[in-house]
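Chemist: Below is a structure I'd like to ask you about.
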Amino acid sequence: MSTRAELEQVHAGLKKDSAEKAEEIERATQNPGGARAELTQLLDAIYGADIPTDLKRPMTDLLVRLSEHEQLEERFGTLLTNADTAFLKQLQATHPNLTPREATVCLFVKLGYDTREIARRRGITTRGMESIRYRLHKKIGRGKHQALKTYLSGL
Numbered sequence: 001m002s003t004r005a006e007l008e009q010v011h012a013g014l015k016k017d018s019a020e021k022a023e024e025i026e027r028a029t030q031n032p033g034g035a036r037a038e039l040t041q042l043l044d045a046i047y048g049a050d051i052p053t054d055l056k057r058p059m060t061d062l063l064v065r066l067s068e069h070e071q072l073e074e075r076f077g078t079l080l081t082n083a084d085t086a087f088l089k090q091l092q093a094t095h096p097n098l099t100p101r102e103a104t105v106c107l108f109v110k111l112g113y114d115t116r117e118i119a120r121r122r123g124i125t126t127r128g129m130e131s132i133r134y135r136l137h138k139k140i141g142r143g144k145h146q147a148l149k150t151y152l153s154g155l
């Protein structure tokens with residue numbers, strides 16, 4: 001049987017894990033910077049500059065990718081990593097009928113967050129999040145015993 005010290009140690013470990021997950025969700029749900037206008041100005045300046053085309057092309061390609069990244073962040077209302085952006089693009093291509101809210105929930109499910117953690121950060125009840133996940137199962141076309149996380153990880 002576990003001693004009180006062992007239980008306290010396990011409890012401390014769980015609190016630490018929960019705090020780390022909460023921090024990551026907080027980072028992901030912050031409002032994006034919205035620097036798309038500045039990126040567009042920089043892109044216009046590069047197009048207008050007297051720079052050889054072979055040097056101009058990599059710069060403009062990078063700025064276009066950054067602008068697309070910003071646009072996705074604005075749409076989903078979260079700060080995204082490059083991997084998150086790639087996942088959301090793939091998810092949109094595969095399932096264009098998903099709303100931004102559903103896509104954000106899919107991202108959190110893929111990242112390994114459980115229903116309670118997502119619900120707490122989204123400001124809804126656990127039961128509400130369970131309903132969203134149920135509807136996602138239907139919308140994505142997963143069967144009754146097919147895990148949503150497994151499917152999303154495979155995208």
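Numbering (UniProt numbering), first residue to last: 1 to 155.
No residue lacks a Cβ here, since even glycine has one placed at the ideal position from N, Cα and C.
Fair warning: this is a prediction, and the values are worked out from it, not measured in the lab.
Determine the extent of the alpha helix (DSSP H) in which A86 is found, giving its start and end residues.
Modeler: First-last of the alpha helix (DSSP H) with A86: N82 to T94.
Chemist: Whole angstroms are fine: how far does the CA of D17 sit from the CA of L107?
Modeler: In a straight line, the C-alpha of L107 is about 19 Å away from that of D17.
Chemist: Could you check whether the stretch 6-20 touches the stretch 97-106, counting it as contact only if at least three pairs of C-beta atoms, one from each stretch, sit closer than 8 Å?
Modeler: No, the stretch 6-20 is not in contact with the stretch 97-106.
Chemist: Please tell me whether R121 and A19 are closer than 9 Å, where the distance is taken between their beta carbons.
Modeler: No, Cβ-Cβ distance for R121 and A19 is not below 9 Å.
Chemist: Please go through the UniProt region "Disordered" (1-21) and give each complete alpha helix (DSSP H) segment of 4 or more residues, from N-terminal end onward.
Modeler: With a minimum length of 4 residues, no continuous alpha helix (DSSP H) run stays inside the UniProt region "Disordered" (1-21).
Chemist: If you drop the 5 nearest sequence neighbours on each side, which residues of the same chain put their C-beta closer than 8 Å to that of N97?
Modeler: For N97, where only same-chain residues beyond five positions count, the Cβ hits under 8 Å are K139.
Chemist: Would you call D84 buried or exposed, if buried means 16 or more other Cβ atoms sit within 10 Å of its Cβ?
Modeler: Label assigned to D84: buried.
Chemist: Out of I51, T53 and D61, point me to the one whose CA is closest to L39's CA.
Modeler: Checking every option, the nearest Cα to that of L39 belongs to D61.
Chemist: Just the C-alpha distance for V64 and K56, rounded to the nearest angstrom, thanks.
Modeler: Rounded to the nearest angstrom, the two C-alpha atoms are 12 Å apart.
Chemist: Should A119 go down as buried or exposed, given a rule of 16 or more other Cβ atoms within 10 Å for buried?
Modeler: Looking at its Cβ environment, which holds 16 or more other Cβ atoms inside 10 Å, A119 is buried.
Chemist: If we count the other Cβ atoms within 10 Å of its Cβ and call it buried at 16 or more, is I132 buried or exposed?
Modeler: Buried.
Chemist: DSSP on T99, reduced to helix/strand/coil?
Modeler: T99 falls in the coil class under three-state DSSP.
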